[in-house]
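Using this note's numbering, read the sequence shown as starting at 3 and increasing by one per residue.
C-beta: ideal position from N, C-alpha, C; glycine also.
If you're wondering where the values come from, they're calculated on a predicted model, not measured in any experiment.
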Amino acid sequence: MVEARLKLEPEVQEIFGHIDANQNFVLSGGAGSGKTYSLVQTIRQAIAERPLAGVACITYTNAAVREIEDRVTSEHLTVCTIHDFLWDNIKSFQGELKAILLQLISDPDEKRFEVIGDPLVTEEIEEIQYKEYTRLRNGIISHDELLVLAESMFRNYPKLCDILKDRYKLILVDEYQDTSPLVVEILIDHLRRSARKSVIGFFGDSMQSIYDDSIGDLKVFVDDYRIKEVKKEQNRRSPRLVYELANKLRTDGIEQTHSEDPKAPNMKNGAVKDGEVKFFYTTGTEKLAAVKALLGWDFSQAKKTKELNLTHNQIAPKAGFGELMDIYNSDKILDYRDRIKIYIKTNSITDDFSTMTFGEVIAKLLEGKTTAAELKKINPTDGMKAFIDANTDLFETAKSYPWEEFRKLYIDKDSLIDDKKEDSEDTGRTGTRRDRLISHLVKIQENVDLYIAEKYNDFLRRTEFPIKSIADKRQIREVVTELSAMTEHSIEEVIEFAHNKGICKIDDRLTNFIATNRYLYDRVKALKFAVFQKLFAYLECYTSYSTQHKIKGTQYDNVLVVLDNGNWSKYNFQYLFEGNGTESVRNRSSKLFYVCCTRSVEKLAVYFHAPSDETIAKAKDWFGEGNVILVA
């Protein structure tokens, strides 16, 4: 085995030194370093050395599962998503699951879940089930609940840790930076309580941690020696100018250089390709179209060329889902509602509005007000009034809603568009910012697409259609065909059809959402389903437009990054270039910019409108003075 190990790449040899010493480890590597290759080498060697020992590889997406399974197979190897892994290891303990679920619902110290209606989860439930939807009163959990439930199970029942470590002597986590802190808590903190021997290995890149709900990095575990770090500093994907730029953005001490492998994608004739990096900037009016013309790229080739934006507002009308974006981002009636809330608060008004409608609250506040100054504080602003005058029926509908319900309604464009890139088969993502309505519509379209793509097993798993005869198969085909043709039908009609026909059941989450967000639901449900399908196409990266969050894990020949903060307080690219502002905002901006730049395998262009002198100076430092171009 010593001779076999000598054929492994140096980083994997170092990993096996930690495995031999029964030490948990993390392989840290930048974008394009070949972390998946190292992961596969580790799996193969572990199986070769101990063919009867269980090995588990848990990943973030189903696509990653397929990629690893295509490279290595063994009857003692388990490759699955994080959610499937956790469920597989707790599902047999039904008594404990029921006890913990009830505790998470009812215990004031543990309460994490809300149940819609009565009864609560009781001993009468035969089985806790993990499905694509949530009905807690029936003992059915979905993805978000599973993580909380699993962490509580391993925390409260240490025997589970013994069982897991006996079952798997090596557990490897791919793309660890995207993993929930609950998963890391299970694998590092809870498993430590077991005296059994098992090694946990993590593979990933902390600089590609751009989701707020993920663990981000494992620095605290490395610093206190609970995890040993192995660094991988080669780059096999990006041309030299791109990875040299990326090196200037890193903050973890990793500095990439080109691979020694002449067959690496970024090598040509024995040398690393230079590639191309450009920084365009404009003063005065915005000139994005002129920048794109100078580049001369074919932006209709979505698989080769991408325009990356931080915000969706400019993309929505181009991509065809402007009506949805207007509902979520440009509703001046809700702005007027907020104006009324502020007026009540600032004037310390203590009237009981609990039985009134929105319209009645307005009327009550206007009572006795006669002067222009008094009326101005309550009436809508000019911008709000223009919107109301153009949408009189909508305003009358809004005034009919109970004030207690309407004042709590929260709508945000992030509720419409989750920045995480979605794979149509990846249902296990957590922490989504999409609201329950949009998530439900996504599931409908995903299920239809699975059937059309002839991925019948996945389709049946998600829909639970019973297949007992040829007639059942024929019925499914007819249902999907009919649903596929409903593009001009309303969103409400599609939701009801999909529910009644078993394509996508209405679950607790959607029911609760509709009950507490009627104004929003009433607006969205009237739109044609085709408008949502345009949004879906955008979310699935079928267009050349993308936000900067959605492209992590992908690569394109040509990448144009449009640096526009979009009024987001979480990001500020000016802070990134100037080095000022809060550290948290700079870190988020730096990681997002890093991910964007490292998507390029040929040419990278960055566009910054109206930058400061300090930004231009930093751009010349990062990109090279000759690559910083003023577009007149």
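Cβ distance (whole Å) where I335 is taken to contact I390 below 8 Å:
Counting from 1 along the sequence shown, the entry for residue 335 is found at position 333. Counting from 1 along the sequence shown, the entry for residue 390 is found at position 388. Right, the Cβ-Cβ distance comes to about 6 Å (below 8 Å), so this counts as a contact.
Q. For the candidate residues R479, L312 and E369, whose alpha-carbon lies nearest to that of Y573?
A. Numbered from 1 along the sequence shown, position 571 holds the residue referred to as residue 573. The shortest C-alpha separation from Y573 is found at L312.
| Looking at C-beta atoms only, is the number of pairs between the region 271–279 and the region 222–241 that lie closer than 8 Å three or more? | yes
- Task: Report yes if the CB atom of A292 is closer than 8 Å to the CB atom of V630, and no otherwise.
- Result: Here residue 292 refers to the residue found at position 290 when the sequence shown is read from its first residue. Here residue 630 refers to the residue found at position 628 when the sequence shown is read from its first residue. Taking 8 Å as the Cβ cut-off, A292 and V630 do not qualify as a contacting pair.
Cβ distance (whole Å) where C59 is taken to contact D176 below 8 Å: Start at 1 with the first residue of the sequence shown, and residue 59 comes out as number 57. Start at 1 with the first residue of the sequence shown, and residue 176 comes out as number 174. So it is a contact: roughly 7 Å between Cβ atoms.
Using CA atoms only, rank isn't needed, just tell me which of K37, K250 and K305 is closest to K233.
On the sequence shown, position 231 is the one that residue 233 refers to. The residue with the shortest Cα to Cα distance from K233 is K37.
Residue ranges of each beta strand (DSSP E) within the region 36–65, 3 or longer: 57–61
* **Expected contact under 8 Å - CB spacing of V14 and T44 to nearest Å** => Stepping through the sequence shown from its first residue, residue 14 is reached at position 12. Stepping through the sequence shown from its first residue, residue 44 is reached at position 42. Right, the Cβ-Cβ distance comes to about 6 Å (below 8 Å), so this counts as a contact.
Self-check item: Own chain, CB closer than 8 Å to L10, minus 5 neighbours either side, in chain order
Solution: On the sequence shown, position 8 is the one that residue 10 refers to. Excluding sequence neighbours, L10 sits near F18, Q43 and Q47.
(request) Could you pull out every residue in the same chain whose Cβ sits closer than 6 Å to the Cβ of E616, ignoring the five residues on either side in sequence? (result) Taking the first residue of the sequence shown as position 1, residue 616 is located at position 614. Within the same chain, E616 has close Cβ partners E580.
Residue range of the beta strand (DSSP E) that includes L79: Against the sequence shown, residue 79 aligns to sequence position 77. Its beta strand (DSSP E) spans residues L79 to T83.
_Same chain only: Cβ atoms within 6 Å of S261, ignoring 5 sequence neighbours per side_ = What you label residue 261 is simply residue 259 of the sequence shown in a count that begins at 1. Q236 and R238.
Exercise for review: Taking all protein chains shown into account, decide if P468 is buried (16 or more other Cβ within 10 angstroms of its Cβ) or exposed.
Suggested key: As a working mapping, residue 468 is identified with position 466 in the sequence shown. With fewer than 16 Cβ atoms within 10 Å of its Cβ, P468 is classed as exposed.
| message | Please classify A473 as buried or exposed, where buried requires at least 16 neighbouring CB atoms within 10 angstroms. | response | The sequence position of residue 473 within the sequence shown is 471, counting from 1. When all chains shown are included, A473 counts as exposed.
Item checked: Sequence-distant residues of the same chain with beta carbon closer than 7 Å to T359, five excluded per side -> Here residue 359 is taken as the residue at index 357 of the sequence shown, counted from 1. So the qualifying residues of the chain are K401, S402, Y403, P404 and W405.
Legend entry - Extent of the continuous beta strand (DSSP E) to which S94 belongs: Translated into positions along the sequence shown, residue 94 becomes position 92. Looking at the DSSP string, S94 is not in any beta strand (DSSP E), and its letter there is neither H nor E.
Length of the line joining the Cα atoms of D354 and L522: As a first step, residue 354 is located in the sequence shown; it is residue number 352 there, counting from the start. As a first step, residue 522 is located in the sequence shown; it is residue number 520 there, counting from the start. Taking the straight line joining both Cα atoms gives about 25 Å.
Just curious, the beta strand (DSSP E) that N381 is in, first and last residue? Within the sequence shown, the letter at position 379 stands for residue 381. Per DSSP, N381 belongs to no beta strand (DSSP E) and is neither H nor E.
Margin query: Is the separation between the beta-carbon of K507 and that of Y135 shorter than 8 Å?
Written below: The sequence position of residue 507 within the sequence shown is 505, counting from 1. The sequence position of residue 135 within the sequence shown is 133, counting from 1. Yes. Within cutoff.
Exercise for the section: Take the Cβ of R198 as the centre, count every other Cβ of all protein chains shown within 10 Å, and call the residue buried at 16 or more, exposed below. Expected result: Indexing the sequence shown from 1 puts residue 198 at position 196. So R198 ends up on the exposed side.
C-beta atoms of Q96 and I142 nearer than 8 Å
Within the sequence shown, residue 96 is the residue found at index 94, counting from 1. Within the sequence shown, residue 142 is the residue found at index 140, counting from 1. No. Outside cutoff.
- What residue from Y558, G34, N26 and L243 has the CA that sits closest to F281's CA? What you label residue 281 is simply residue 279 of the sequence shown in a count that begins at 1. Answer by Cα proximity: L243.
Just the C-alpha distance for S216 and Y178, rounded to the nearest angstrom, thanks.
-> For this step, residue 216 is matched to residue 214 along the sequence shown. For this step, residue 178 is matched to residue 176 along the sequence shown. If I take the Cα positions, the gap works out to 9 Å.
(Q) In chain order, what are the residue ranges of uninterrupted beta strand (DSSP E) at least 3 long that sit wholly in the region 145–213? (A) 172–176 and 201–206
Give me, in chain order, the residues of the same chain whose beta-carbon lies closer than 7 Å to that of F301; leave out the 5 immediate sequence neighbours on both sides. Here residue 301 corresponds to residue number 299 of the sequence shown, with the count starting at 1. Excluding residues within five positions, the ones whose Cβ falls inside 7 Å are K294, T307, E309 and S546.
Between L148 and L166, which are expected to be in contact by the criterion C-beta below 8 Å, what is the C-beta distance as a whole number of angstroms?
-> For the purposes of this step, residue 148 is identified with residue 146 of the sequence shown, where counting begins at 1. For the purposes of this step, residue 166 is identified with residue 164 of the sequence shown, where counting begins at 1. Contact flag wrong, Cβ pair sits at about 16 Å.
(message) Closer than 8 Å is the cut-off here; do at least three beta carbon pairs connect the region 73–93 with the region 201–218?
(response) no
* By Cβ distance, which residues of its chain are closer than 8 Å to L99, with the 5 residues on each side in sequence left out? -> Counted from its first residue, the sequence shown places residue 99 at position 97. Once the five neighbours on either side are set aside, the close Cβ partners of L99 are I92, K93, I130, L151 and M155.
V526 to L174 span [Cα, whole Å]: The count along the sequence shown starts at 1 and reaches residue 526 at position 524. The count along the sequence shown starts at 1 and reaches residue 174 at position 172. Looking at the two C-alpha atoms, the distance is approximately 43 Å.
ask   = Starting from S350 and walking both ways along the alpha helix (DSSP H), at which residues does that stretch end?
value = Against the sequence shown, residue 350 aligns to sequence position 348. Counting along the chain, S350 falls outside any alpha helix (DSSP H), and DSSP gives it neither H nor E.
Exercise. Can you check whether the CB of G504 is closer than 8 Å to the CB of T556?
Worked result: The sequence position of residue 556 within the sequence shown is 554, counting from 1. The sequence position of residue 504 within the sequence shown is 502, counting from 1. No, they are not a contact pair.
Using C-beta distances below 6 Å, list every residue in its chain close to T489, excluding the 5 sequence neighbours before and after it, in chain order. What you label residue 489 is simply residue 487 of the sequence shown in a count that begins at 1. Cβ within range, chain order: F531 and A532.
Margin query: Could you check whether D451 and F515 sit closer than 8 Å to each other, using their CB atoms as the reference points?
Written below: In the sequence shown, residue 515 corresponds to position 513, counting from 1. In the sequence shown, residue 451 corresponds to position 449, counting from 1. No, Cβ-Cβ distance for F515 and D451 is not below 8 Å.
Hey, could you find the ends of the alpha helix (DSSP H) S302 is sitting in?
As a working note, residue 302 is residue 300 in the sequence shown. Counting along the chain, S302 falls outside any alpha helix (DSSP H), and DSSP gives it neither H nor E.
query = Would the beta-carbon of A500 fall within 8 Å of that of I454?
reply = Position 498 of the sequence shown holds residue 500. Position 452 of the sequence shown holds residue 454. Against a cut-off of 8 Å, the Cβ pair of I454 and A500 comes out as no contact.
- Going by Cα to Cα distance, which pick from A321, I380 and L189 is closest to K347? Along the sequence shown, read from residue 1 onward, the residue named residue 347 stands at position 345. For the residues A321, I380 and L189, the minimum Cα distance to K347 belongs to I380.
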